[in-house]
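**Student:** Protein chains in written order, with our numbering: chain A, 1 to 776; chain B, 1 to 776.
Idealized CB from N, CA, C, for every residue including glycine.
On a predicted model such as this, the values are computed, not experimentally measured, just so you know.
There are 2 protein chains.
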Amino acid sequence: MQGLRQAVRRIHGLPRGVKALNRIDSHLITFASKPVESYPNSAVSKRLLPSSRYFISTSAMASLETITQSLAGLSITPAATVSHTETNSPASWREALLTTPSAPKSFELIKTLVYKPKTAKSAVPVPVVVIARDETETSSSALGKKLNLKELRLASEELLTEFFSLDKNSLSVLALTKDTFPKVTTVIDSSIASSSSTFAIHALSSSSTVFLSGKDIVSYVQGLETDDVKIQEIDFQTLKAESGGVAAGVASKSAVKEKEEAKIEGAIQIAIGVKKEVDFSAWYQNVLLKADMLEYYSVSGCYILRPWSYSIWEDIQAWFNQKIKAMGVQNASFPMFVSQKVLEREKDHIEGFSPEVAWVTRAGNSDLEEPIAIRPTSETVMYPYYAKWIKSHRDLPLKLNQWNNVVRWEFKHPQPFLRTREYLWQEGHTAHLTKAEADTEALEILDLYRRVYEELLAVPVIPGLKSEKEKFAGALYTTTVEGFIPTSGRGIQSATSHCLGQNFSRPEMFNIVVEDPNDPTGQGKTYAWQNSWGLSTRTIGVMTMVHGDNQGLVLPPRVASIQAVIVPCGITAKTSDEDRSKINDACDSLAKSLIKLDIRAKADLREGYTPGYKFNDWEQKGVPLRLEIGPVDLAKQQTLTVRRDTGAKAPVALSDIATVVPQMLETIQSDMFNRAKKEYDSRLIEVTNWEEFVPTLDNKCIAVIPWCEVEACEDDIKERSGRAAEPQDERAPSAGAKSLAIPFDQARFTPIEVGKTRCPACGQDSKRWTMFGRSY
Amino acid sequence: MQGLRQAVRRIHGLPRGVKALNRIDSHLITFASKPVESYPNSAVSKRLLPSSRYFISTSAMASLETITQSLAGLSITPAATVSHTETNSPASWREALLTTPSAPKSFELIKTLVYKPKTAKSAVPVPVVVIARDETETSSSALGKKLNLKELRLASEELLTEFFSLDKNSLSVLALTKDTFPKVTTVIDSSIASSSSTFAIHALSSSSTVFLSGKDIVSYVQGLETDDVKIQEIDFQTLKAESGGVAAGVASKSAVKEKEEAKIEGAIQIAIGVKKEVDFSAWYQNVLLKADMLEYYSVSGCYILRPWSYSIWEDIQAWFNQKIKAMGVQNASFPMFVSQKVLEREKDHIEGFSPEVAWVTRAGNSDLEEPIAIRPTSETVMYPYYAKWIKSHRDLPLKLNQWNNVVRWEFKHPQPFLRTREYLWQEGHTAHLTKAEADTEALEILDLYRRVYEELLAVPVIPGLKSEKEKFAGALYTTTVEGFIPTSGRGIQSATSHCLGQNFSRPEMFNIVVEDPNDPTGQGKTYAWQNSWGLSTRTIGVMTMVHGDNQGLVLPPRVASIQAVIVPCGITAKTSDEDRSKINDACDSLAKSLIKLDIRAKADLREGYTPGYKFNDWEQKGVPLRLEIGPVDLAKQQTLTVRRDTGAKAPVALSDIATVVPQMLETIQSDMFNRAKKEYDSRLIEVTNWEEFVPTLDNKCIAVIPWCEVEACEDDIKERSGRAAEPQDERAPSAGAKSLAIPFDQARFTPIEVGKTRCPACGQDSKRWTMFGRSY
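1. If residue 479 of chain B and residue 493 of chain B are in contact, beta carbons under 8 Å, what's the gap, nearest whole angstrom?
2. Just to confirm before moving on: does the CB-CB distance between residue 176 of chain A and residue 167 of chain A stay below 8 Å?
3. Less than 8 Å between the beta carbons of residue 369 of chain B and residue 340 of chain B, yes or no?
4. For the stretch 274-286 of chain A against the stretch 133-141 of chain A, are there 3 or more C-beta pairs whose distance is under 8 Å?
5. By the 10 Å Cβ neighbour count, where 16 or more other Cβ atoms means buried, how is residue 474 of chain B classified, buried or exposed?
6. Would you say residue 539 of chain B faces chain A, with C-beta separation under 8 Å as the test?
7. Is any beta-carbon of chain A found at less than 8 Å from that of residue 331 of chain B?
8. So if I threshold CB-CB distances at 8 Å, which residues from the stretch 290-317 of chain B count as touching chain A?
9. Exposed or buried, residue 741 of chain B, counting other C-beta atoms within 10 Å across all chains shown (16 or more means buried)?
10. Select from the stretch 682-703 of chain A all residues with a C-beta closer than 7 Å to any C-beta belonging to chain B, and list them in chain order.
11. Taking residue 640 of chain A as part of the beta strand (DSSP E), name the residues at either end of that continuous run.
12. Which bits of chain B does residue 409 of chain A rub up against, with CB to CB less than 8 Å?
13. Rounding to the nearest angstrom, what Cα-Cα distance links residue 68 of chain A and residue 77 of chain A in this structure?
14. With hydrogens ignored, establish whether the beta-carbon of residue 670 of chain A is closer than 7 Å to any heavy atom of the ligand ZN.
15. For residue 842 of chain A, which of A/750, A/171 and A/383 has the nearest alpha-carbon?
16. By DSSP, does residue 115 of chain A sit in helix, in strand, or in coil?
17. Figure out for me which residue from A/366, A/80, A/355 and A/393 has the closest Cα to the Cα of residue 365 of chain B.
18. So the beta strand (DSSP E) residue 706 of chain B belongs to, where does it begin and stop?
19. Residue 74 of chain B: buried (16+ other C-beta within 10 angstroms of its C-beta) or exposed?
20. Please state whether DSSP places residue 297 of chain A in a helix, a strand or coil.
21. Report the neighbours of residue 599 of chain B on chain A: residues whose CB is nearer than 7 Å to its CB, in chain order.
22. Would you please verify whether the beta carbon of residue 595 of chain A is less than 8 Å from any beta carbon of chain B?
23. Do you know offhand how far residue 578 of chain B's Cα is from residue 336 of chain B's?
24. Determine whether the Cβ of residue 57 of chain A lies closer than 8 Å to any Cβ atom of chain B.
25. Can you check whether the C-beta of residue 422 of chain A is within less than 8 Å of a C-beta belonging to chain B?
26. Going by Cα to Cα distance, which pick from B/708, B/132, B/214 and B/107 is closest to residue 467 of chain B?
27. I'd like the list of long-range same chain contacts for residue 690 of chain B, defined as Cβ closer than 7 Å, with 5 residues on each side in sequence excluded.
28. To the nearest angstrom, how far is it from the Cα of residue 766 of chain B to the Cα of residue 751 of chain B?
29. Quick one: grab the DSSP three-state call for residue 73 of chain A.
30. Determine, using beta carbons only, whether residue 568 of chain B comes closer than 8 Å to chain A.
31. Figure out for me which residue from A/348, A/374, A/349 and A/347 has the closest Cα to the Cα of residue 358 of chain B.
32. When the cut-off is 8 Å and only beta carbons count, does residue 358 of chain A lie next to chain B?
33. Quick check: residue 107 of chain A and residue 200 of chain A, are their CB atoms within less than 8 Å of each other?
34. Could you tell me which uninterrupted beta strand (DSSP E) segments, each at least 3 residues in length, are contained entirely in the stretch 330-408 of chain A, listed from first to last along the chain?
35. Can you find a CB in chain B that lies within less than 8 Å of the CB of residue 385 of chain A?
36. Three Cβ pairs or more, each shorter than 8 Å: is that satisfied between the stretch 668-684 of chain A and the stretch 532-539 of chain A?
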């Protein structure tokens, strides 16, 4: 109980002096952060003690118990009620629910948006409360037109507190009460009432959720109606169509989206459930879950890599190991722990990592004499020993690599594969006699990274240099392969190869020194030139985001653990046992022939599942090629091939399998890459006037500018582009742009005229074309 | 300073109330544990305050500063003085010095033994203080004879405190002062004075060390001599020869040992430096270091696996992965963190692990809301998700494996590969519908483990069952492959495969349940039958201990990253450049031919090293086969082959290489296994009378007894055998014996007559032959 209190106190940032009020349920203890009088909500006042010495916190106020009681008064029984960790975005809310075992397996989020119309200063505003499905697009401009209200803007936190005594993360339809309902305009997404989904709504706290049916939600709001104040049902789908789509999207996308929507309306119910273009974050989570790539884990920011994704990592390991061993790199294993003293040896380096370092302070019941860090990366773990092992120039180069797990305890919202607290990677650490050798190797490794992305994962990347601001903490320079996620229009750092120069080998650091064999006096010493380079399981996330579609994952053949699945078709209740066997046998023998050709094939002979179920199952999991065999195919000695990436179907004679199938897999691989490359290239926009900069980003593109390469200019660009971005929707990307890379291939861009071309951001002389964008 | 005080307090187990006396040097703060009057040592009394309220600890008394001052008075300047962690054995002392950067790279330990002769109760005893090199065998019986003293026994801690106010871990020659010297008989190992080694001696504290030359040690003691009391120099080598060797060794070993000693006297100076039979622990450390297998690391209990050992692990991974994948096991990756709540779900299980769990409590500068454990094993990490994924009997079996790192924060003395705080392993976790399936798999996996040891590492193991007392925490039963280290006569658990039964799947645990397809009512449920199984880098330690010799490591060809090294010979200053090139080219081309045959070969063409240096270098590193090519060989178109395991030399025609070399590697592999197997078998001794039990262990054998299998009997055996063991030497194994395994192959032993054969320990009915022994 004591520990619980402390935990709650910490969550709410309450000082020690504040008293515990009461235990409301097994998870929450009420604390207070404001005088009692400031809480007008009736559900709360029941709990209040008369003395003004007691306080109560806004998020803990709304207990599940209270909510459940008041719903019971309306004859509404929730499908489930759960407590979970605090959430501050749809993504973190969804994750919290996914990691709570007692939550329903399938649900949709309900978003509650509050807009404020333009109001005379003296007048009391009438906010518009929109209750909508999370995936519904709610355009504020279209809504304003419909309601005949001027300049709808998302309401400030102050306004939310004023009206509902709640922050935006705790807000839900349940904030509408007899008291508050008359003071606002309530709009409800018309598709809620008819939906069969179970909907998640916050129980007036961002750390608790009630699950209700669409009908229940509607009847709850209807119960608040008076003769004067009614709710408005709005069909946002129609509204959007009427208003001509979203203003700031990529123009050509709108039509495509509409078409797709029509096409897959039925399919998505059994497939991914959320559209990639509509709610990218939820789509990504669903794809990973439904393809059995990943499982959410009870420790936030940590995930389980299931065999379907881990096998991709094994493929990458095998390929990369072979290449680096040919370069003379050897694998080794260094400890995961590092003492504080050693970790903090390199100042720039540790400054980059210290806020994220996880510390072990206790073993069993004993406190350790000094806390020990878990490696966020291994420079400081390894280099004291490099100093010991490298005694002569003949000990150089030393090239070690390890495949391991590292921990960076990020406090930002985690995302599977892309930003996780523990992740798997390889880290190579090499020491060389000369800078030239180190330079060469850094680029050789970068090219291997490019090939992992392009040749294995069919994901295009652009090799380049990081700006001074974005380089690795402690590096001389950082090279990168920079990826791009078209759906979000954001860049993603995909792998980096750093030249550390002599920053870590200097005498006051790790002192990795040898006699200089090239010094004519024979007395000279030289400090080792070092590189470090890493590639992580982020690869898998980027691949998923780039290639996945509304049916689920799409795997490039080279990393698919099943490249071709064979599905028996056309078997009905009338099919004789003999015919059934014949078809199944043909599938089985086709699989065996393919396996002999080193194709990873599988015949799906599961009983009790329809071919349609199987198609969907393997489509979700992204298997590149489906081969169907039905009675007709058998008669014609053929199989119907279906490509996962395009859906293209073609019959192939069984006798041609040995040539056609390997060819098709190669074609799929290269088509996937070429499509993604074309998309990436089309989103690299040369920008020479500042006015085009933010619109380019808003258009989900990367702005390539002839940059001055001045650090202050980069800070300025980030600040200005962050400020300028129009908040279209509460979840729209609004962060400022940072430099992603200075591409090595400058020739692809319009030549910079020295002394004439100016940096569009600051007007100084341009140096090189540099990619700027929003990023992960 | 405050932190330092707390640390010192914790080391000494002092309560909070005890006051700090003084700061003596940068590492130690004096505390007191006894009244001032009880410390007669003059070096200490300088530091004492008059008030009896102040206390001082025995280990902190002797500061490096004080020691250095008093040595300076004798014109002795130490080679180095270092402070380090507390040590309580020669092994931990050596490790502490190896991990202290400021210690000399090469040193020998000096041991200080104190014996008490039989003395009349009324008389004051005159202890015998022996100052000897750590590797010198000091037999108390031979020494007693020589000094004409009866029944020399190692002195009790009380006696040490009485005479020197020091515990045995802090004792050294420096405890001999003007005060104490006259009260004891001092014996010094005659080989110290003439040795050129740097010797480590404790600076009157087990956490500080002074490095002195042999001469300095002798002159220090000589400075204490008076007309009445002189030191005695004893040549223990001669003493041992005179007394006819050690009484309790394996008889046949003695002669062999003497012979080897003569043979390799010169070699060991440049090779391993310590003999395997003399100081096994130091030998092991040296072999690992000199073969570049391992590096000691700054966090105690954690080690660096260098490429020479890590490549063995990669070989094991590749072999084992292939086998388990064929069994339908898939690789995955689960997080390293586990919440306290989940970790503690299975009571028996957590009781087995909780004292060793490392806890993360802080990230950056923020305390975590609740501490998070680092996995000691992953049952509790994985099984909540098994419950989620296994919804139908069609989801069974589920077979996952992961290669990862786990942490068990042992407080016992760590040993590289054998007992480390972080280690690498694979852990397989499978769930089955029936017990029969689980049983079958547990044994299949155990057989793979046997094959890893026997077929890859050439190490014989005995498959069997663990006793109830020794089984895995939470398992239904544990199967094991049990290894044996002949040099120490100890058993070693080498890998285990557990059937967990339904202990983790039960409803109150993880609730892994499916409908029972075999239940006629269709209503029945069944809980999954689970296995878990693990193999760790301990494999590499066992292989090193079993095969290594006084030249260093001996690698079985199948796991040697270099199987054959080719060394050019006979090149002198007179050799013409042309002839030199010819020889080098022949070596290079031989290497290339072998590589084409898939033999991992390397030509050692390093300039500036003699063939002798290269021979030694590759012998230390254990390369199975050396091929020499000199001018004569070249003329005869042959190469001289030299086997690492036997030293056998034979010329082979270059034209026969393709058949002979692969054959020789196979022969080396099987010879190594057969020799080790013969040795193991010869040390399995059937014991049917209790009287033979302890002598069998003392004879470095395993006692196989027709055991009753009663747990209380096992406790009793451990207690009685521990008590009965004669302490021959302070470092001799004296621990009691535990059961190692109940071998599956019972037929190899004399048949047990049911109702007639009795357990030799307790007299109850025998069940099965069971291996008992001292162990790691």
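**Tutor:** So, from the data block:
1. The C-beta separation of residue 479 of chain B from residue 493 of chain B comes to about 11 Å, leaving the pair out of contact by the 8 Å criterion.
2. One thing to note: residue 176 of chain A has its Cβ no nearer than 8 Å to the Cβ of residue 167 of chain A.
3. Inclusion of residue 369 of chain B and residue 340 of chain B in the CB contact set at 8 Å is not warranted, their separation being larger than that value.
4. Yes, they touch.
5. The residue is buried, with at least 16 neighbouring Cβ atoms inside 10 Å.
6. No, residue 539 of chain B does not count as interfacial toward chain A.
7. Against chain A, the CB of residue 331 of chain B has a partner CB under 8 Å away; the residue lies at that interface.
8. Per Cβ criterion, the list reads 295, 297, 298, 299, 302, 303, 304, 305, 306, 307, 310, 311, 313 and 314.
9. Looking at its Cβ environment, which holds 16 or more other Cβ atoms inside 10 Å, residue 741 of chain B is buried.
10. Those residues of the stretch 682-703 of chain A placed with their C-beta closer than 7 Å to a C-beta in chain B do not exist.
11. Residues 638-643.
12. Residues of chain B passing the Cβ test: 363 and 364.
13. Rounded to whole angstroms, the gap between the alpha carbons of residue 68 of chain A and residue 77 of chain A is 8 Å.
14. This structure lacks the ligand ZN; in fact it carries no ligand of any kind.
15. Outside the displayed span of chain A (1 to 776) sits residue 842 of chain A, for which this structure offers no information.
16. Of the three classes helix, strand and coil, the one that applies to residue 115 of chain A here is strand, per DSSP.
17. Distance check between residue 365 of chain B and each of A/366, A/80, A/355 and A/393 places A/355 closest, using alpha-carbon atoms only.
18. Looking at the DSSP string, the run of the beta strand (DSSP E) that includes residue 706 of chain B is 702-707.
19. It counts as exposed.
20. Note: residue 297 of chain A maps to coil in three-state DSSP.
21. The premise fails here: residue 599 of chain B is roughly 17 Å from chain A at the closest Cβ pair, so nothing lies under 7 Å.
22. With 8 Å as the cut-off, residue 595 of chain A does not count as an interface residue toward chain B.
23. Per the coordinates, the alpha-carbon of residue 578 of chain B lies some 60 Å from the alpha-carbon of residue 336 of chain B.
24. With a pLDDT of 38 at residue 57 of chain A, under the threshold of 50, the modelled position of this residue cannot be trusted; read the value that follows with caution. Judged by the 8 Å Cβ criterion, residue 57 of chain A is not in contact with chain B.
25. At least one CB of chain B lies nearer than 8 Å to the CB of residue 422 of chain A.
26. With distances taken between Cα atoms, residue 467 of chain B lies closest to B/708.
27. Hits under 7 Å: 760 and 761.
28. Between the C-alpha atoms of residue 766 of chain B and residue 751 of chain B there is a straight-line separation of about 11 Å.
29. Residue 73 of chain A: helix per DSSP, three-state reduction.
30. No, its Cβ sits nowhere closer than 8 Å to a Cβ of chain A.
31. Measuring from the Cα of residue 358 of chain B, the nearest candidate turns out to be A/374.
32. Cβ-Cβ to chain B under 8 Å: yes for residue 358 of chain A.
33. It is a contact, given that the beta carbons lie within the stated cut-off.
34. Positions of the beta strand (DSSP E) runs, each at least 3 residues long and wholly inside the stretch 330-408 of chain A, are given as 337-339, 358-363, 366-374 and 398-407 in order along the chain.
35. So yes, residue 385 of chain A belongs to the interface.
36. In short, these stretches do not touch, since the Cβ pair count stays below three.
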